[in-house]
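One structure below.
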Amino acid sequence: MAFSENYKELLMIFSCFCRKYAHKHKKNTANNSRIIFFALYLQCSPAQFLNLTIMETGVGFINLDDSVKIALNIALAVARENANECYTPSHLLKALLHKDVGLRDFIISIGKDLGYLEEWADVYIEQCPKSTQLSEIKPSERIDAVFRAADDARIQFGLFDINPICVLLALAKPGVAFSSDQLRSFPILEKDIHSIYIGNGQPACPSATTEKPYAPTSASSSFLGKYCVDLTEDAANKLHPVINRDRENRMVMEILGSRSKSNVLIVGDAGVGKTALVYGLAWEIVSHKVPSFLEETRVFELDNASLIAGATYKGEIEDR
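Per the UniProt record's numbering, the sequence shown runs over residues 1 to 320.
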């Protein structure tokens, strides 16, 4: 059902009341006089006004974008598949990582490991109580807290609908879905999302109406700059060409240009010049002596000292 802009403004004003009332009375909300009044004003049925998602997933919020609705249905499916009595924030996190939700590109763009996040969610899903009789899977108490926090993020970001990034921010907020101790191993921090969308002057969250809602940001570059050394940048001033290694350099370029299995593994005894080959490749890229497909390539060297320095809890190095 589509609403005009005036109706959307009215809905936004009324959403604060609706999200609290609908969750408490989701079974008989459609019969409430105040809901019926606003439904008649908008020329729709009470069920349309509150959105069928309330009845299907138990989430009493009307301002959910399509991606969040898909995630809720996936969370229900994950809970049903694992024979859980209810779906929890861990089920919701697992659902947010599904390809149909559209959040995967955003997570990759901020330099996070999708596989680790999925495993992190699976650990807590395994801890959920199971039941042999699953007549109706309901949301846990923490789900309501998650969407309240997500709605607060929506308001702060100036959005009409709660989108997946708002939900992800709520999941990363200590004390909402998970405790501070549990979130120590969670790779995404609440302040990271705030700094990406607010600190950099970028739009807080993408609009639900855009075709590409989760555009990559420059956050991944900041992580590379923090824990890696850009050899192509150093090549212009610090590095020197590698002499008498034309054959090896050509082999490296040929492997990198392969359609499949384009991974180079340089092995050999200590001191034979393995690292020098990589430096030589960076120098040739800067000197424009490489094939066209490598001209815009950047070579990074992992700085182990920076990676290890400042680690405060178990698993932080792996998170980085």
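Glycine is no exception: its CB is placed at the ideal position from the N, C-alpha and C atoms.
DSSP-derived helix/strand/coil call for Met55: For the purposes of this step, residue 55 is taken as residue 55 along the sequence shown, with counting starting at 1. Legend: pLDDT at Met55 = 42, less than 50; position of this residue unreliable, no value from coordinates given.
Per-residue burial, Lys94 [other beta carbons within 10 Å of its own, 16 or more giving buried]: Working through the sequence shown from its first residue, we reach residue 94 at position 94. Buried: at least 16 other Cβ atoms inside 10 Å.
Contact belief for Pro89 with Ile143 at Cβ below 8 Å, rounded distance in angstroms: Position 89 of the sequence shown, counted from the first residue, corresponds to residue 89. Position 143 of the sequence shown, counted from the first residue, corresponds to residue 143. Sure, about 7 Å apart at Cβ, within 8 Å.
Where Phe186 falls, given that 16 or more other Cβ within 10 Å makes a residue buried: The residue labelled residue 186 in the question sits at position 186 within the sequence shown. With 16 or more Cβ atoms within 10 Å of its Cβ, Phe186 is classed as buried.
Nearest-angstrom beta carbon gap, Pro164 and Gly102 [assumed within contact, 8 Å]: Residue mapping note: residue 102 aligns to position 102 of the sequence shown, counting from 1. Residue mapping note: residue 164 aligns to position 164 of the sequence shown, counting from 1. Between Pro164 and Gly102 the Cβ distance is about 7 Å, and since that is below 8 Å, they are a contact.
CA-to-CA distance, Glu254 to Ser260, given in whole angstroms: As a position in the sequence shown, residue 260 is number 260, starting the count at 1. As a position in the sequence shown, residue 254 is number 254, starting the count at 1. When rounded, the distance between both Cα atoms is 11 Å.
C-beta contact flag for Leu171 and Ala177 at 7 Å: One-based indexing of the sequence shown puts residue 171 at position 171. One-based indexing of the sequence shown puts residue 177 at position 177. Taking 7 Å as the Cβ cut-off, Leu171 and Ala177 qualify as a contacting pair.
Inter-residue spacing [alpha-carbon to alpha-carbon] between Trp120 and Arg148: The residue labelled residue 120 in the question sits at position 120 within the sequence shown. The residue labelled residue 148 in the question sits at position 148 within the sequence shown. So the alpha carbons of these two residues sit roughly 23 Å apart.
Gly280 burial status per 10 Å Cβ neighbour count (16 or more: buried): As a working mapping, residue 280 is identified with position 280 in the sequence shown. With 16 or more Cβ atoms within 10 Å of its Cβ, Gly280 is classed as buried.
Alpha carbon of Arg80 to alpha carbon of Pro139, nearest angstrom: For this step, residue 80 is matched to residue 80 along the sequence shown. For this step, residue 139 is matched to residue 139 along the sequence shown. Going from the Cα of Arg80 to the Cα of Pro139 covers about 12 Å.
Arg298 versus Gly268: straight-line alpha-carbon distance, rounded: Indexing the sequence shown from 1 puts residue 298 at position 298. Indexing the sequence shown from 1 puts residue 268 at position 268. Going by the C-alpha atoms only, they are around 24 Å apart.
6 Å Cβ shell around Val242 - same chain, five flanking residues per side excluded: Here residue 242 corresponds to residue number 242 of the sequence shown, with the count starting at 1. Answer for Val242: Ala276 and Gly280, listed in chain order.
Cut-off 6 Å between Cβ atoms - residues of its own chain near Ser180, not counting five sequence neighbours on either side: For the purposes of this step, residue 180 is taken as the residue at position 180 of the sequence shown. Contacts found: Pro174.
Cβ-Cβ separation, Cys228 to Leu302 (assumed contact under 8 Å), whole Å: Residue 302 sits at position 302 when you count from the first residue of the sequence shown. Residue 228 sits at position 228 when you count from the first residue of the sequence shown. With a Cβ gap of about 6 Å, Leu302 and Cys228 count as contacting.
Start-to-end residues for the beta strand (DSSP E) that takes in Val167: Position 167 of the sequence shown holds residue 167. Segment Pro164 to Leu171 is the alpha helix (DSSP H) holding Val167; no beta strand (DSSP E) there.
Candidates Gly271, Glu190 and Arg104: closest to Leu114 by CA position: On the sequence shown, residue 114 is found 114 positions in, with the first residue counted as 1. Answer by Cα proximity: Arg104.
Burial state of Arg247 (16 or more Cβ within 10 Å): Taking the first residue of the sequence shown as 1, we reach residue 247 at position 247. The residue is exposed, with fewer than 16 neighbouring Cβ atoms inside 10 Å.
Ser287 versus Thr232, Leu64, Cys166 and Ile196, residue with shortest Cα-Cα distance: Reading the sequence shown from its first residue, position 287 is the one you call residue 287. The shortest Cα separation from Ser287 among Thr232, Leu64, Cys166 and Ile196 belongs to Thr232.
Distance between beta carbons of Asn73 and Lys130, contact taken as under 8 Å: If you number the sequence shown from 1, residue 130 lands on position 130. If you number the sequence shown from 1, residue 73 lands on position 73. Contact flag wrong, Cβ pair sits at about 21 Å.
Where the alpha helix (DSSP H) containing Glu284 begins and where it ends: Within the sequence shown, residue 284 is the residue found at index 284, counting from 1. Glu284 -> alpha helix (DSSP H) spans Lys274 to Val286.
Bridge partner(s) assigned by DSSP for Leu302: As a position in the sequence shown, residue 302 is number 302, starting the count at 1. BP columns for Leu302 point to Cys228.
Three-way DSSP call (helix, strand, coil) for Lys138 in this model: Counted from its first residue, the sequence shown places residue 138 at position 138. The answer is strand: DSSP assigns Lys138 an E or B state.
Coil, strand or helix - Asn84 by DSSP: Counting from one through the sequence shown, the residue named residue 84 turns up at place 84. Note: Asn84 maps to strand in three-state DSSP.
Nonlocal neighbours in the same chain, by C-beta distance under 8 Å from Lys300, ignoring five residues either side: For this step, residue 300 is matched to residue 300 along the sequence shown. Note that residue 300 is Phe in the sequence shown, not Lys. So the qualifying residues of the chain are Leu224, Cys228, Val229, Asp230 and Leu231.
Close beta carbons around Asn28, own chain, < 7 Å, minus the five adjacent residues each side: Counting from 1 along the sequence shown, the entry for residue 28 is found at position 28. With a pLDDT of 42 at Asn28, under the threshold of 50, the predicted position of this residue should be treated as unreliable, though the coordinate-derived value follows. No residues qualify anywhere along the chain.
Collapsed DSSP secondary structure at Tyr41 in the structure displayed: Taking the first residue of the sequence shown as 1, we reach residue 41 at position 41. Residue placement at Tyr41 is poorly supported in this model, since its pLDDT is 45, which falls under 50; the coordinates still yield a value, given next. Correct three-state label for Tyr41: helix.
Proximal residues to His194 (C-beta, below 8 Å), its chain only, five neighbours per side dropped: Counted from its first residue, the sequence shown places residue 194 at position 194. If we look at His194 and ignore the five residues flanking it on each side, its Cβ neighbours are Leu169.
Buried versus exposed call for Leu64 [16 or more other C-beta atoms within 10 Å across all chains shown]: Working through the sequence shown from its first residue, we reach residue 64 at position 64. The residue is buried, with at least 16 neighbouring Cβ atoms inside 10 Å.
Closest by C-alpha distance to Ile125, when choosing among Ile196, Gly158, Ala77 and Val264: The sequence position of residue 125 within the sequence shown is 125, counting from 1. Nearest option by C-alpha distance: Ala77.
Which of helix, strand or coil DSSP assigns to Pro89: Within the sequence shown, residue 89 is the residue found at index 89, counting from 1. Reduced to three states, the DSSP call for Pro89 is helix.
Distance between Asp319 and Ile308 (C-alpha atoms, nearest Å): In the sequence shown, the residue the question calls residue 308 occupies position 308. In the sequence shown, the residue the question calls residue 319 occupies position 319. Roughly 11 Å separates the two Cα atoms.
DSSP three-state assignment for Leu97, whether helix, strand or coil: Taking the first residue of the sequence shown as position 1, residue 97 is located at position 97. The answer is coil: DSSP assigns Leu97 none of H, G, I, E or B.
Residue range of the alpha helix (DSSP H) that includes Ala121: Here residue 121 corresponds to residue number 121 of the sequence shown, with the count starting at 1. Segment Leu114 to Glu126, the alpha helix (DSSP H) holding Ala121.
Helix, strand or coil at Leu294 [DSSP, three-state]: Here residue 294 refers to the residue found at position 294 of the sequence shown. Helix.
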